[in-house]
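Sequential numbering from 55 applies to the sequence shown in this note's numbering.
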Amino acid sequence: MSDNLYLLLQSRFPNSGSAVFLHHDRGELRYAALDDATARYAAILKQSGVATGDRVIVQVDKSPEAVVLYLACLRMGAVFIPLNTGYMPAEIDFLVGDAKPTLIVCRPDALKIIGDIGATHQVETILTLDSDGHGTLIEQASNIAPDFEIAARDKDDIAAILYTSGTTGKPKGAMLSHDNLASNALVIHEYWAWEPGDVLLHVLPIFHVHGLFVALHCALLNGSSVIFHNKFEIDPVLAALPECTVMMGVPTFYTRLLDVPRFGREQCKNMRLFLAGSAPLLSETFDLFETRTGHIILERYGMTEAGMITSNPYHGERIAGGVGFALPGIEARVADEAGKEIETGDPGVLEIKGPNVFKGYWGLPEKTAEEFRDDGFFITGDVATMDKDGRIAIVGRAKDLVISGGFNVYPKEIESEIDLIDGVRESAVIGVPHPDFGEGVTAIVVREASATVTAEIITDFLADRIARFKQPKKVIFVAELPRNTMGKVQKQALRSDYADLFSEKT
Ligand code: MCA
Ligand code: AMP
């Protein structure tokens, strides 16, 4: 019996092949056509030299074809590696060198740059795909016979690798197995009480767990229709909401909706469930949303390495500032630095264990081992409290991480770049409250004596080295960084000094 996730998803496709899977800007993709399309793309992957277990790196704009490509990789047993569309060539070069893919799929206009990167790392085959349904992948798909085989996969075989940066700076590839993805999808589909006839509004990117796995797997397991927008934009979202019953989003989506005076009950009249996650949802957003729409946002918590971990209940009380209970089948404990469970209610690092937890970082067994306790619990790096009933709240981060609009930015990576600039002695990158992105990336920089480096020089230097969402929204120069007696930079002091930096929308 194969544990290929595609088999599970396919078993839930509606009986009527004419049922629509995606409503998109160029038309509709029906479930019957979906199975055919994944079989065609699988044939192209095989023709391109991709064998079961090989890695396929994909950096393309969101499109129905990109979804088909993901499902085709599952189908033929390749390992899907989606990259943030904002990554710059230097970042992609590192990832290609690390992942050693057999095939890269990129935007047509990036072919030259990606081709050069591929050549450096002996990747011979590059296919292209754009968001309008053009590219060599599409051309080949129309001329190839579908290959309907579904590769036999064991539950621990890797289905996808998602890169997540780390406190040490360089990205690490989290290996997610077919069973990691399947078990998590089945649990949340049930926990969030998906119903026949549910329609999902999909406005998230599809290179992260949230948009790719959480949203799409739920809809596929439900045989649901998805209203599929290539990005989050207010007017199309307001127009589509009345046709939908479920929406998933990062907190920025909800604050942006609330900024629109005409947004309210009328647009939400058919909605059953608004879900939020990837970053903390402020209590004021939670409260205001209920006042304006009558809906109580259901906040859940997860991470790349483990998919969805905790959730507020569907039927029970949803609490602002809390992320609910460990999902069924997942154990959670709040522990001290040694991994010993601490008293109920006190803050500590959240540790988890369950079928959702990843198989390790690609090519980094030692790093993987550092993140696990001897009894198999994974150390999330998030600081949490748990009450006597098992309700969990995320109250801080033990890891040095900024979350901007739902995207993670690791300060170490940005500081390492800034410190390369002539005239910079040192830097500290922090996140401070930002009205749109939740946290705004901010660089605090110390110049060398008599150096004249400016914010503009720093911004220009970073422009083509790191993705734009990681770039500091503000650069501030100081004479020295605050340090404790051990010499460690006091980021908390900096965060409180600059807490009001973005009090106006920027
Ligand atoms: C875009 N920009 C950003 C961000 N997004 N800057 C900081 N943080 C961001 N998140 C910058 C662009 O570089 C550009 O800068 C300017 O903002 C406008 O770009 P645009 O593309 O128009 O932005 P947008 O469409 O308004 O995007 C904002 C967004 C987007 C809709 C909030 O960032 C988004 O879709 N975020 C969702 C992230 C997500 O899916 N996270 C899930 C991770 P310039 O003008 O300077 O060029 S999965 C996860 O965390 C776990 C598992 C979980 O629990 O879910
Ligand atoms: P990522 O590496 O993109 O998967 O981001 C995972 C991180 O996002 C977690 O470790 C948390 O720090 C954060 N996160 C996700 N959901 C929530 C939430 N509901 N509340 C607070 N933080 C969250």
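C-beta atoms are modelled at their ideal positions from N, C-alpha and C, and glycine is treated no differently.
- When rounded, the separation of the alpha-carbon atoms in valine 133 and phenylalanine 523 is 26 Å.
- The straight-line gap separating the alpha-carbon atoms of glycine 450 and alanine 438 is approximately 7 Å.
- The beta carbon of threonine 347 sits closer than 7 Å to those of Gly318, Arg319 and Cys322, all from its chain and outside the five residues before and after it, given in chain order.
- Three or more beta-carbon pairs drawn from the stretch 68–86 and the stretch 279–289 are found closer than 8 Å, and the two stretches are therefore classed as touching.
- Counting along the chain, valine 122 sits inside the alpha helix (DSSP H) bounded by residues 118–130.
- Bounds of the alpha helix (DSSP H) holding tyrosine 60 are 59–65.
- Within 7 Å of the C-beta of methionine 229 there is not a single heavy atom belonging to ligand 2.
- Per the DSSP secondary-structure output, serine 231 pairs in a beta bridge with Ile212.
- For glycine 172, there is no enclosing beta strand (DSSP E); the residue is found in the alpha helix (DSSP H) stretching over 165–174.
- Along the stretch 479–523, the beta strand (DSSP E) occurs as fully enclosed runs of 3 or more residues at 492–501, listed in sequence order.
- With a 10 Å radius around the Cβ and a threshold of 16 neighbouring Cβ atoms, histidine 369 comes out exposed.
- In this structure, the beta-carbon distance from phenylalanine 426 to asparagine 234 does not fall below 8 Å.
- Nearest to glutamate 297 by alpha-carbon distance, out of Pro315, Asp313, His256 and Leu240, is His256.
- As a beta-bridge residue in DSSP terms, aspartate 436 pairs with Arg451.
- Shown here, serine 237 sits in a helix according to DSSP, grouped into three states.
- Assignment of glutamine 525 by DSSP, reduced to helix, strand and coil, places it in the coil class.
- Contact between glycine 378 and arginine 354 holds, with the beta-carbon distance rounding to 7 Å and staying under 8 Å.
- Residues Ile373, Gly376, Gly378 and Phe379 of the same chain have their beta carbon placed closer than 8 Å to that of arginine 445, with the five preceding and five following residues left out of the count.
- Restricted to the stretch 251–306, the beta strand (DSSP E) segments that are unbroken, complete and at least 3 residues in length are 253–256, 279–282 and 300–303, listed in chain order.
- Closest in C-alpha terms to valine 529, from the list Ala293, Ile484, Val403 and Ser470, comes Ile484.
- Sequence-distant Cβ neighbours of isoleucine 167 in its own chain, meaning closer than 7 Å and more than five residues away, are Pro143.
- The Cβ atoms of isoleucine 98 and alanine 153 do not sit closer than 8 Å to each other.
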